[in-house]
Structure formats: structure tokens, C-alpha cells
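Peer 1: Numbered per the numbering used here, the sequence shown spans residues 2 to 207.
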Amino acid sequence: AEAEAIGQLGFYPAYFEVAFGRAGRKSERDPASSPEPVLLERDGKRLRLIGKVDRIDLNPAGQAILLDYKTGSAASHPREVLAGLSLQLPVYAMVLPQILARARPGQPPLDPVMTAIYQVKDEENCQRIPEIYDREAGLNFERHGTAALPNHRVLDESGAQVSFAEMLERVEGYLFDYVERIRSGQFRHTRYPEESACESYCEFRR
Numbered sequence: 002a003e004a005e006a007i008g009q010l011g012f013y014p015a016y017f018e019v020a021f022g023r024a025g026r027k028s029e030r031d032p033a034s035s036p037e038p039v040l041l042e043r044d045g046k047r048l049r050l051i052g053k054v055d056r057i058d059l060n061p062a063g064q065a066i067l068l069d070y071k072t073g074s075a076a077s078h079p080r081e082v083l084a085g086l087s088l089q090l091p092v093y094a095m096v097l098p099q100i101l102a103r104a105r106p107g108q109p110p111l112d113p114v115m116t117a118i119y120q121v122k123d124e125e126n127c128q129r130i131p132e133i134y135d136r137e138a139g140l141n142f143e144r145h146g147t148a149a150l151p152n153h154r155v156l157d158e159s160g161a162q163v164s165f166a167e168m169l170e171r172v173e174g175y176l177f178d179y180v181e182r183i184r185s186g187q188f189r190h191t192r193y194p195e196e197s198a199c200e201s202y203c204e205f206r207r
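#1: Can you tell me where the beta strand (DSSP E) with Ala65 in it begins and where it stops?
#2: CB Tyr134 to CB Val163, shorter than 7 Å?
#3: Per DSSP, what are the beta-bridge partners of Arg49 in this structure?
#4: Using only CA atoms, which one of Ala166, Gly160 and Arg154 lies nearest to Glu137?
#5: Looking at the unbroken alpha helix (DSSP H) that takes in Gln108, where does it start and where does it end?
#6: Measuring straight from C-alpha to C-alpha, what distance separates Val121 and Leu176?
#7: With a Cβ-Cβ cutoff of 7 Å, do Val155 and Leu67 count as a contact?
#8: Can you grab the Cα-Cα spacing for the pair Gln64 / Asn141, in whole Å?
#9: Is the beta carbon of Leu41 sitting closer than 7 Å to the one on Asp69?
#10: In angstroms, rounded to a whole number, what distance separates the CA positions of Val172 and Ala4?
#11: Assign Thr191 to buried or exposed, taking buried as 16 or more other Cβ atoms, counted over all protein chains shown, within 10 Å of its Cβ.
#12: Please confirm whether Ile100 and Ala117 have their CB atoms less than 7 Å apart.
#13: Would you call Ser77 buried or exposed, if buried means 16 or more other Cβ atoms sit within 10 Å of its Cβ?
#14: In its own chain, which residues sit with a C-beta less than 7 Å from the C-beta of Glu18, not counting the 5 before and 5 after it?
#15: Per DSSP, what kind of secondary structure is Asp157 in: helix, strand or coil?
#16: Nearest to Leu169 by alpha carbon, out of Pro14, Asp44 and Met95?
#17: Determine the direct distance from the alpha carbon of Glu200 to that of Gly139, and round the result to whole angstroms.
#18: Once DSSP output is grouped into helix, strand and coil, what is the label at Ala15?
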């Protein structure tokens, strides 16, 4: 399955367990890891991020796929990313050029084009399940659906289709918004307290 996916997409595994800001166990980190957190600045505000990317695949054109290994769960729906409910992989895609800048001195920044779950059920049953990816990046990927941005089912507040780049821009906005709320003492259990999606499994029902 892995060889087939590589042949189809043309992306090869390049980095594993890439940590930034001392995340993860030192013995498991990729040599490309950095002890320094990623610094983000926006409208005079600053954030420092730490994290660890399970795997980064590259192609000869400098495009990158960011993968998160899972044994059971599927990828988040693009509308969950749009709503600010699923941010991990999109955040990693957003800061990818900074994450690997030290490991690739003098080389052009990498271009993230897909975030995906690498679902591992057993050694014979593994697959990439895209979360979001850039429809305009020219990927040879058969499964499109709502993960391929832009499309007519993932729309912003004005009803316009959201591109991959616009999605990452929104994700950055969510980060600064959430940190600002935390700093002001707002610790809500959900971004949308008026919704009842969690009531089916949460014992703290309202």
C-alpha cells in the first residue's frame, strides 16, 4: 500500500517525528528537529508554539504532505477545520517553512499542500486519509471529496469557497484568538457552547 501511494502521488517519506520547541522524547526526534519554538507574530502580538509532526513527505517540486499516524480514528472533516475545531495538522502545515528552515539552509521554503491521517490498522492495511489539501497543487490524488480545497461544500461566512491557503490563514487567526481568550481567563469547554454535539457522550450534560 505504501509503495502504491508513493508511486501514485510521487511523494516520498523525508522526515519523521520532527519536533520544535523540545516536544516529544529526545531519543525519538528527527535530526531536523529544533529545540526552539516556532514564533508567530500578528497585529503586534506574538505566540510561541511547540509540537511534533509525525511524518513529512516531499516530492521533487518541494511540495509537502504532513501526516499524523492513527490506529483507528479517521481524519477531521474540512468544515471542522473551517470552524476552528480541528487545528493540529493545519497548524503544522502553516508553520512548516519555519520548522524545517534550519534543516534546509539555502534551499527554498517547502510548500505544504496536504494534511492527512495515516491510518494504520495492521501491517497490510494502511492508508492516507486527507484532511485538507490544495486542489490547485496538481496532485495526482484520486479521492477528492470535501478535502480538496476549494470546493462548493466548504464555504466561508459570505458563502465563498475557501482555498487551502485561506484555510491556513484562518487557522492562524484562530490560534491568536484562542490564546487571547485563555490569557483573559476564558476556558470554555467548546468554541460553540450553544451546540449539543457532545451531550451524547459527555457526562457533564447541561
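Think of the CB as a built atom: it goes at the ideal place given N, C-alpha and C, for glycine as much as any other residue.
Peer 2: Inspection of the coordinates gives the following:
#1: In the sequence shown, counting from the first residue as 1, residue 65 sits at position 64. Gln64 to Lys71 is the extent of the beta strand (DSSP E) around Ala65.
#2: Mapped onto the sequence shown, residue 134 falls at position 133. Mapped onto the sequence shown, residue 163 falls at position 162. Against a cut-off of 7 Å, the Cβ pair of Val163 and Tyr134 comes out as no contact.
#3: In the sequence shown, residue 49 corresponds to position 48, counting from 1. Leu40.
#4: Start at 1 with the first residue of the sequence shown, and residue 137 comes out as number 136. Residue Ala166 is the option with its Cα nearest to Glu137.
#5: Residue numbering aside, residue 108 sits at position 107 when the sequence shown is read from its first letter. Careful: Gln108 lies outside any alpha helix (DSSP H) and carries neither H nor E.
#6: The residue you call residue 121 lines up with position 120 of the sequence shown. The residue you call residue 176 lines up with position 175 of the sequence shown. Answer to the nearest angstrom: the Cα atoms are 29 Å apart.
#7: The residue given as residue 155 occupies position 154 in the sequence shown. The residue given as residue 67 occupies position 66 in the sequence shown. Going by C-beta atoms, Val155 is not nearer than 7 Å to Leu67.
#8: Here residue 64 refers to the residue found at position 63 of the sequence shown. Here residue 141 refers to the residue found at position 140 of the sequence shown. Cα to Cα, the separation comes out at about 13 Å.
#9: Translated into the one-based positions of the sequence shown, residue 41 becomes position 40. Translated into the one-based positions of the sequence shown, residue 69 becomes position 68. Going by C-beta atoms, Leu41 is not nearer than 7 Å to Asp69.
#10: Counting from 1 along the sequence shown, the entry for residue 172 is found at position 171. Counting from 1 along the sequence shown, the entry for residue 4 is found at position 3. In a straight line, the C-alpha of Val172 is about 32 Å away from that of Ala4.
#11: Here the question's residue 191 lines up with position 190 in the sequence shown. It counts as exposed.
#12: Numbered from its first residue, the sequence shown carries residue 100 at position 99. Numbered from its first residue, the sequence shown carries residue 117 at position 116. Taking 7 Å as the Cβ cut-off, Ile100 and Ala117 do not qualify as a contacting pair.
#13: Working through the sequence shown from its first residue, we reach residue 77 at position 76. Classification for Ser77: buried.
#14: Locating residue 18 in the sequence shown gives position 17, counting from the first residue. Correct list, in chain order: Gly25, Glu29, Arg30, Asp31, Lys53 and Asp55.
#15: Counting from one through the sequence shown, the residue named residue 157 turns up at place 156. Coil.
#16: Within the sequence shown, the letter at position 168 stands for residue 169. Residue Met95 is the option with its Cα nearest to Leu169.
#17: If you number the sequence shown from 1, residue 139 lands on position 138. If you number the sequence shown from 1, residue 200 lands on position 199. Distance between the alpha carbons of Gly139 and Glu200: 41 Å.
#18: Numbered from 1 along the sequence shown, position 14 holds the residue referred to as residue 15. The answer is strand: DSSP assigns Ala15 an E or B state.
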